[in-house]
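Asker: Residues 21 to 366 in the numbering used here are what the sequence shown lists, from first letter to last.
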Amino acid sequence: MSERELTAPVDLCDARGRLNPEAVGWSRRPLHRANLSGAWGRKKRWDYWAVTAPDLYLAITCADLDYLGNASVWLCGPSKGLSVAVDRIVPAARGFALPDQPCTGLIAVEAGGLRIEIDERASGSTRLRARCDRTPEGPLDIEVEVAEPAGHESLNVVIPWSPGRFQFTSKQNTRPATGTVRLGEHRWELGGAEPGAGELPAYGTLDLGRGVWKYRNRWNWAAASGVSRDGRTVGLQFGGKWTEGTGYTENGLCVDGRLTKIGEELRWDYDWDHPMRPWRVRDSAGLVDVELVPDHDRHARTDAGLISMEVHQCFGRWSGTIVTEAGERVEFADVIGFAEEARNRW
């Protein structure tokens, strides 16, 4: 079955809260209104932003899982030996209001001394703010603007497990990030795609999810943003496991802001028990052959009886070769990004 490309706005759900058949497909910009209803405990909504730069890995999460909310900030400075996580759980997701229309409005959450704002601005950029006065390394203060270049394309797709279980995801990468990140006595100045003196090149990556989920699930996700050897902007977006058998994937390449959609499930080679070993991702036609060499494993595990979550998210540098839908071969090395496997009962 070929994947259908959508070009007009569409509701994700019908009046009963089940999957709208007309919503099944993928698009180059967010077109779905995630009008979720019913199915209490199965609905999941999240906005996850990663900001990557040389010697800075940053993740900001606002997630509404129906029965609880999660607000978190994680920061890693590999060369400094820094890794700080501020994680807050809110029963019944009180105070969480993630919009049905992706990438619109303001998400603001405050819990346990942590405040997060994800502000989608009229200009098309996204402002990320986070503050926590008390962490093991001192106060944390984040002010980052993630630009959306004119005409920039992203990967947006509905994964249809069944009429009652489905997920819309918007994956966006190679969005230049500027601003300042402070943690105690440490400071990072981010200069986007064209950094000035004393600034780091930096990019934002978005994983936005809205859906009605199965209880048990596993997934792979990988992303990267950077510049190729010949100066082209390169973005990687790969997923696996959770999409198998649905007829759709979340695999794509973004080169100079243009999306190449990959409808094939990719081959992932890595070792769950030794996640710091290289991760390799490739296809059967020779269009993708890339490898991640990790330098940090963000390992998280929660086991609360009926609810459990475990993830190895490995950050580092990607190298390899990709081929665009126009047949252009792009080689790159040391592009910053990550790869993960998650195992959940939620």
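Just so it is clear, CB atoms sit at the ideal spot from N, CA and C, and this is done for glycine as well.
Between which two residues does the beta strand (DSSP E) carrying Glu-361 extend?
Answerer: That run of the beta strand (DSSP E) goes 349–365.
Asker: Shortest alpha-carbon distance to Leu-95 belongs to which of Asp-67, Ala-54, Asp-161?
Answerer: Considering only alpha carbons, the answer is Asp-161.
Asker: Just the Cα atoms here: how many angstroms apart are Leu-312 and Arg-36?
Answerer: 43 Å
Asker: How would you write the range of the beta strand (DSSP E) that Gln-187 sits in, first residue to last?
Answerer: 185–203
Asker: Skipping 5 residues on each side, what residues in its chain have a beta carbon closer than 8 Å to that of Ser-22?
Answerer: Gly-283
Asker: Does DSSP put Glu-157 in a helix, a strand or coil?
Answerer: coil
Asker: Inspect the beta-carbon positions of Gly-204 and Glu-163 and report whether they are closer than 8 Å.
Answerer: no
Asker: By alpha-carbon positions, which one of Glu-165, Glu-173, Ile-80, Leu-102 ends up nearest to Leu-134?
Answerer: Ile-80
Asker: Quick check on DSSP: helix, strand or coil for Lys-261?
Answerer: Here Lys-261 sits in coil by DSSP.
Asker: Please classify Trp-60 as buried or exposed, where buried requires at least 16 other C-beta atoms within 10 Å of its C-beta.
Answerer: exposed
Asker: How would you write the range of the beta strand (DSSP E) that Phe-335 sits in, first residue to last?
Answerer: 327–343
Asker: Taking the alpha carbon of Asn-193 as the reference point, which residue from Glu-214, Val-254, Gly-58 has its own alpha carbon closest?
Answerer: Val-254
Asker: Nearest by alpha-carbon distance to Ala-83: which of Glu-209, Pro-119, Pro-74, Leu-76 is it?
Answerer: Pro-119
Asker: Can the beta-carbon of Leu-226 be found closer than 8 Å to that of Trp-69?
Answerer: Yes, Cβ-Cβ distance for Leu-226 and Trp-69 is below 8 Å.
Asker: Note down the Cα distance separating Pro-169 from Tyr-235, rounded to an integer number of angstroms.
Answerer: 37 Å
Asker: Whole angstroms is fine: what's the gap from Thr-344's alpha carbon to Pro-159's?
Answerer: 44 Å
Asker: Can you tell me where the beta strand (DSSP E) with Ser-245 in it begins and where it stops?
Answerer: The continuous beta strand (DSSP E) containing Ser-245 extends over residues 236–247.
Asker: Please state whether the Cβ-Cβ distance between Leu-26 and Pro-183 is less than 8 Å.
Answerer: Cβ distance not < 8 Å, so Leu-26 and Pro-183 don't count as in contact.
Asker: Quick one: what's got a C-beta closer than 6 Å to Trp-288's C-beta in the same chain, skipping five residues either side?
Answerer: Asn-240, Gly-260, Val-301
Asker: Tell me which same chain residues have a C-beta within less than 8 Å of the C-beta of Arg-151, skipping the five on either side of it?
Answerer: Leu-134, Arg-135, Pro-159, Leu-160, Asp-161, Ile-162
Asker: Going along the chain, which residues of its own chain have a beta-carbon closer than 7 Å to the beta-carbon of Pro-298, five neighbours each way excluded?
Answerer: Counting only Cβ-Cβ distances below 7 Å, and skipping sequence neighbours, we find Glu-311, Leu-312, Val-313.
Asker: Go ahead and pull the three-state DSSP assignment for Ser-22.
Answerer: coil
Asker: Mind the definition here: the segment 114–131 touches the segment 42–54 only if three or more C-beta pairs lie below 8 Å; say whether that holds.
Answerer: yes
Asker: Please report how far the alpha carbon of Thr-198 lies from the alpha carbon of Ser-143, in whole angstroms.
Answerer: 15 Å
Asker: Starting from Ser-99, trace the beta strand (DSSP E) both ways and give me its first and last residue.
Answerer: Premise fails: Ser-99 is in no beta strand (DSSP E) and is neither H nor E.
Asker: Return yes when the Cβ of His-332 is within less than 8 Å of the Cβ of His-319, no when it is not.
Answerer: His-332 is positioned such that its CB atom lies closer than 8 Å to that of His-319.
Asker: From the DSSP secondary-structure annotation, give me the bridge partner or partners of Ala-113.
Answerer: Per DSSP, none; premise fails for Ala-113.
Asker: What does the Cβ neighbour count give for Ser-47, buried or exposed, with the cut at 16 atoms within 10 Å?
Answerer: buried
Asker: Can Ala-222 and Thr-72 be called in contact, C-beta distance under 8 Å?
Answerer: yes
Asker: Along the beta strand (DSSP E) that carries Arg-287, what are the first and last residues, could you check?
Answerer: 287–289
Asker: Helix, strand or coil: which one does DSSP assign to Ala-43?
Answerer: helix
Asker: Within 10 angstroms of the Cβ of Leu-326, are there 16 or more other Cβ atoms? Answer buried if so, exposed if not.
Answerer: exposed
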